[in-house]
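A.B. asks: Its first residue numbered 1296, the sequence shown is counted upward by one per residue in the working numbering. Every residue, glycine too, gets a C-beta built ideally from N, C-alpha and C. Because the structure is a prediction, the values reported are computed rather than measured.
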Amino acid sequence: PCYCSTQVWLTMASSNEYHPFGNNSCLPRSDRNSLMAKRAESRSHNLSGMDEMKDTEELLASELEKLSMKERSEAYNDVHCVGDELKETPEMIQKSLLEFDGAVRQERNAFYEVALNQNRAFVEDPSFRLKFLRANMHDVGKSVRQMMEFLKYKAQYFGEDKVARDITLADLNEEDMELMLSGLFHIQEGRDRMGRVVFYMLSGMMGRFRPEAMFRIPYYIHYNLLASLPEVQKKGLVDVCFDSPQPEEKVSMPKRDILSDLTDAFYSIPVRSSASHLCFLKAPKTNPVLHNALVAMSVSTMSSYFRVRTRIHYGTNMELQYRLQSCGVPIETCPLDMDGNIRKDILNVWFYKHLNELDKSTSFESRVSFLASKERQRTVS
1296 PCYCSTQVWL TMASSNEYHP FGNNSCLPRS DRNSLMAKRA ESRSHNLSGM
1346 DEMKDTEELL ASELEKLSMK ERSEAYNDVH CVGDELKETP EMIQKSLLEF
1396 DGAVRQERNA FYEVALNQNR AFVEDPSFRL KFLRANMHDV GKSVRQMMEF
1446 LKYKAQYFGE DKVARDITLA DLNEEDMELM LSGLFHIQEG RDRMGRVVFY
1496 MLSGMMGRFR PEAMFRIPYY IHYNLLASLP EVQKKGLVDV CFDSPQPEEK
1546 VSMPKRDILS DLTDAFYSIP VRSSASHLCF LKAPKTNPVL HNALVAMSVS
1596 TMSSYFRVRT RIHYGTNMEL QYRLQSCGVP IETCPLDMDG NIRKDILNVW
1646 FYKHLNELDK STSFESRVSF LASKERQRTV S
């Protein structure tokens, strides 16, 4: 979400579906599903992961050709860690917030009304609204539409009673917490050369969990941990999807319509991906669906802004890490070693640091006990 890596991949799109920095290159969901079905049918005989990605690579290349020299340079700089962060002044922020307030009156939906009735201060908080403005580079119209979609999907996946309050660990169930510690998602220690947070999605972990969890945990990580960081709001996030097949493990991927739904829901979270790297092994051991339906679905739902900031890399585990390093991503704290083995000693350090920052409570303690038991089971196995 990759993938915007995940970001990313992750629900019930309205007829007016929202995508950050959206434009006409975003396909309606019906067209998108039709396109994916045709691709799957035409490639049913093809076993090459490299060939499966051909259309996706061509799509990314065609987007670059549409850009002006200035736009192409900006995209290149973001990918290679020499771009600029969002520049703001107090006057700019105040003006955007005033325009945001006016636009809300035109765009408000039923879920916004629910939030107003529950806790007006939550949805009118300037810091809450500023997250959406910064995720959309102060495009007020897109920011307001994203906020409305955010409230809708929050109600759908967590319940209407939680629309106007923060989601906490106490709102997550055992499957959610298992996914949190599964290794599918990882926040890298340190920053890239530009000072951006690097977020990993390890593809070999996919398919183990229900779709609901596949939104609830990315929501918790992106909104609770990342969206509040000033550097993420101003510089964006670096997403890395890394091909990490697990030996002798069979997983089932969500159906195409569910993937489409999850992708739309994920795009409602106010975190902007300023660079995305899709890293695949030369001889993929995973099911080809990862290289076909999943990747193509993710890329096809991206707006032009995200597509031109996405790169696909092929190679061995060592080659892939060095390619990330050439784009400013530190490899010393990569969650995989040079042989592709998951570094379990650092895999969940980001989460335990988050735990240390939370206030203690009864519900919190019960979650910690659950996490500790899961970690013991993992160690024994």
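Would you kindly report the start and end of the unbroken beta strand (DSSP E) that includes Tyr1609?
C.D. replies: Sequence index remark: in the sequence shown, residue 1609 carries index 314 (1-based). Start and end: 1605 to 1610.
A.B. asks: Is the beta carbon of Thr1605 closer than 7 Å to that of Leu1355?
C.D. replies: Against the sequence shown, residue 1355 aligns to sequence position 60. Against the sequence shown, residue 1605 aligns to sequence position 310. Yes, Cβ-Cβ distance for Leu1355 and Thr1605 is below 7 Å.
A.B. asks: Do Lys1529 and Glu1380 count as a contact pair if the criterion is CB distance below 7 Å?
C.D. replies: Looking up residue 1380 in the sequence shown gives position 85. Looking up residue 1529 in the sequence shown gives position 234. Going by C-beta atoms, Glu1380 is nearer than 7 Å to Lys1529.
A.B. asks: In terms of residues, what are the limits of the beta strand (DSSP E) holding Tyr1495?
C.D. replies: In the sequence shown, the residue the question calls residue 1495 occupies position 200. From DSSP, the beta strand (DSSP E) with Tyr1495 extends over 1492 to 1497.
A.B. asks: In the structure shown, what three-state DSSP assignment does Asp1534 receive?
C.D. replies: The sequence position of residue 1534 within the sequence shown is 239, counting from 1. Strand, per DSSP.
A.B. asks: Identify which residue in Gly1490, Met1509, Ala1416 has its Cα closest to the Cα of Phe1480.
C.D. replies: Reading the sequence shown from its first residue, position 185 is the one you call residue 1480. Ranking Gly1490, Met1509, Ala1416 by Cα distance to Phe1480 puts Met1509 first.
A.B. asks: Let me know the secondary structure DSSP gives His1433 once reduced to three states.
C.D. replies: Here residue 1433 corresponds to residue number 138 of the sequence shown, with the count starting at 1. The answer is coil: DSSP assigns His1433 none of H, G, I, E or B.
A.B. asks: Taking 7 Å as the threshold (C-beta atoms), are Ala1405 and Val1435 in contact?
C.D. replies: As a position in the sequence shown, residue 1435 is number 140, starting the count at 1. As a position in the sequence shown, residue 1405 is number 110, starting the count at 1. Contact flag unset, no.
A.B. asks: Rounding to the nearest angstrom, what Cα-Cα distance links Ala1570 and Val1409 in this structure?
C.D. replies: The sequence position of residue 1570 within the sequence shown is 275, counting from 1. The sequence position of residue 1409 within the sequence shown is 114, counting from 1. One C-alpha to the other measures close to 35 Å.
A.B. asks: Kindly list the residues whose CB is nearer than 6 Å to the CB of Arg1567, restricted to its own chain and excluding five residues on each side of it in sequence; keep chain order.
C.D. replies: Position 272 of the sequence shown, counted from the start, is the residue given in the question as residue 1567. Result list for Arg1567: Ala1430, Gly1531, in chain order.
A.B. asks: Give a yes or no on contact between the region 1386 to 1393 and the region 1604 to 1621, applying the rule of three or more CB pairs nearer than 8 Å.
C.D. replies: Not touching, per the Cβ criterion.
A.B. asks: Among residues of its own chain, excluding the 5 on either side of Leu1392, which ones have a beta-carbon nearer than 8 Å to its beta-carbon?
C.D. replies: As a working mapping, residue 1392 is identified with position 97 in the sequence shown. The answer, listed in chain order, is Pro1421, Arg1424, Leu1425, Leu1428.
A.B. asks: Do three or more CB pairs link the region 1356 to 1372 to the region 1555 to 1565 at distances below 8 Å?
C.D. replies: At 8 Å Cβ cutoff, the stretches do not touch.
A.B. asks: Flag this pair as yes or no: are the beta carbons of Arg1511 and Asp1552 separated by less than 7 Å?
C.D. replies: As a working mapping, residue 1511 is identified with position 216 in the sequence shown. As a working mapping, residue 1552 is identified with position 257 in the sequence shown. Contact: no.
A.B. asks: So, helix, strand or coil for Ile1564, using DSSP?
C.D. replies: Locating residue 1564 in the sequence shown gives position 269, where the first residue counts as 1. If DSSP states are grouped into helix, strand and coil, Ile1564 belongs with coil.
A.B. asks: In the DSSP assignment, find the unbroken alpha helix (DSSP H) run with His1649 in it and report its ends.
C.D. replies: Locating residue 1649 in the sequence shown gives position 354, where the first residue counts as 1. 1644 to 1652 is the extent of the alpha helix (DSSP H) around His1649.
A.B. asks: Check Ala1398 in the structure and name its three-state DSSP category.
C.D. replies: Indexing the sequence shown from 1 puts residue 1398 at position 103. In the structure shown, Ala1398 sits in a helix (DSSP, three-state: H, G or I).
A.B. asks: Could you check whether Leu1642 and Gly1378 sit closer than 7 Å to each other, using their CB atoms as the reference points?
C.D. replies: Taking the sequence shown and counting its residues from 1, one reaches residue 1378 at position 83. Taking the sequence shown and counting its residues from 1, one reaches residue 1642 at position 347. In this structure, Leu1642 does not lie closer than 7 Å to Gly1378 by Cβ.
A.B. asks: From what residue to what residue does the alpha helix (DSSP H) around Ile1512 run?
C.D. replies: Walking along the sequence shown from the start, residue 1512 turns up at place 217. It spans 1506 to 1514 - the alpha helix (DSSP H) in which Ile1512 sits, taken as one unbroken run.
A.B. asks: Considering only their Cβ atoms, is the gap separating Asp1534 from Ser1498 smaller than 7 Å?
C.D. replies: As a first step, residue 1498 is located in the sequence shown; it is residue number 203 there, counting from the start. As a first step, residue 1534 is located in the sequence shown; it is residue number 239 there, counting from the start. Cβ atoms of Ser1498 and Asp1534: not closer than 7 Å.
A.B. asks: Within the continuous alpha helix (DSSP H) that includes Tyr1518, where are the two ends?
C.D. replies: Numbered from 1 along the sequence shown, position 223 holds the residue referred to as residue 1518. It is not in any alpha helix (DSSP H) - Tyr1518 carries neither H nor E in the DSSP assignment.
A.B. asks: Can you give the Cα-Cα distance for Thr1611 and Met1489, rounded to whole angstroms?
C.D. replies: If you number the sequence shown from 1, residue 1611 lands on position 316. If you number the sequence shown from 1, residue 1489 lands on position 194. For Thr1611 and Met1489, the distance between alpha carbons rounds to 26 Å.
A.B. asks: Can you name the residues that DSSP bridges to Phe1480?
C.D. replies: In the sequence shown, residue 1480 corresponds to position 185, counting from 1. Answer is Met1496.
A.B. asks: Would you check if the distance between the CB atom of Val1493 and the CB atom of Val1527 is smaller than 7 Å?
C.D. replies: Mapped onto the sequence shown, residue 1493 falls at position 198. Mapped onto the sequence shown, residue 1527 falls at position 232. Contact: no.
A.B. asks: Got a sec, what are the start and stop residues for the alpha helix (DSSP H) Ser1599 sits in?
C.D. replies: Taking the first residue of the sequence shown as 1, we reach residue 1599 at position 304. Unbroken alpha helix (DSSP H) run through Ser1599: 1599 to 1602.
A.B. asks: Using CA coordinates, which residue listed in Glu1469, Leu1467, Phe1445 is at the minimum distance from Ala1459?
C.D. replies: Here residue 1459 is taken as the residue at index 164 of the sequence shown, counted from 1. Nearest C-alpha to Ala1459: Phe1445.
A.B. asks: Out of curiosity, what's the CA-to-CA distance linking Thr1581 and Leu1631?
C.D. replies: Locating residue 1581 in the sequence shown gives position 286, counting from the first residue. Locating residue 1631 in the sequence shown gives position 336, counting from the first residue. With a pLDDT of 49 at Thr1581, under the threshold of 50, the modelled position of that residue is not reliable, and the figure given next carries that caveat. C-alpha separation (whole angstroms): 17 Å.
A.B. asks: Can you find the residues in the same chain that come closer than 7 Å, C-beta to C-beta, to Glu1352, ignoring five residues on each side of it along the sequence?
C.D. replies: The residue given as residue 1352 occupies position 57 in the sequence shown. Ile1607, listed in sequence order.
A.B. asks: Measure from the alpha carbon of Tyr1514 to the alpha carbon of each residue in Lys1449, Val1374, Leu1615, Pro1525, then state which is nearest.
C.D. replies: Taking the sequence shown and counting its residues from 1, one reaches residue 1514 at position 219. Looking at the Cα atoms, Lys1449 is the closest of the given residues.
A.B. asks: Rounded to whole angstroms, what is the Cα-Cα separation between Phe1395 and Asn1372?
C.D. replies: Residue 1395 sits at position 100 when you count from the first residue of the sequence shown. Residue 1372 sits at position 77 when you count from the first residue of the sequence shown. Straight-line Cα distance between these residues: approximately 30 Å.
A.B. asks: Would Ser1599 and Glu1358 qualify as a contact pair, given that the criterion is a beta-carbon distance under 7 Å?
C.D. replies: Taking the first residue of the sequence shown as 1, we reach residue 1599 at position 304. Taking the first residue of the sequence shown as 1, we reach residue 1358 at position 63. Yes. Within cutoff.
A.B. asks: What would DSSP say about Ser1438, mapped onto helix, strand or coil?
C.D. replies: As a first step, residue 1438 is located in the sequence shown; it is residue number 143 there, counting from the start. In this structure, Ser1438 counts as helix in the three-state DSSP scheme.
A.B. asks: Kindly indicate the opening and closing residues of the alpha helix (DSSP H) around Val1418.
C.D. replies: Indexing the sequence shown from 1 puts residue 1418 at position 123. Val1418 -> alpha helix (DSSP H) spans 1405 to 1419.
A.B. asks: With C-beta atoms as the reference, is Pro1625 less than 7 Å away from Gly1454?
C.D. replies: Taking the first residue of the sequence shown as position 1, residue 1625 is located at position 330. Taking the first residue of the sequence shown as position 1, residue 1454 is located at position 159. In this structure, Gly1454 does not lie closer than 7 Å to Pro1625 by Cβ.
A.B. asks: Round the Cβ separation of Leu1520 and Ile1482 to the nearest angstrom and send it over; I've been treating them as touching at under 8 Å.
C.D. replies: Numbered from 1 along the sequence shown, position 225 holds the residue referred to as residue 1520. Numbered from 1 along the sequence shown, position 187 holds the residue referred to as residue 1482. About 7 Å separates the two Cβ atoms, so the contact holds.
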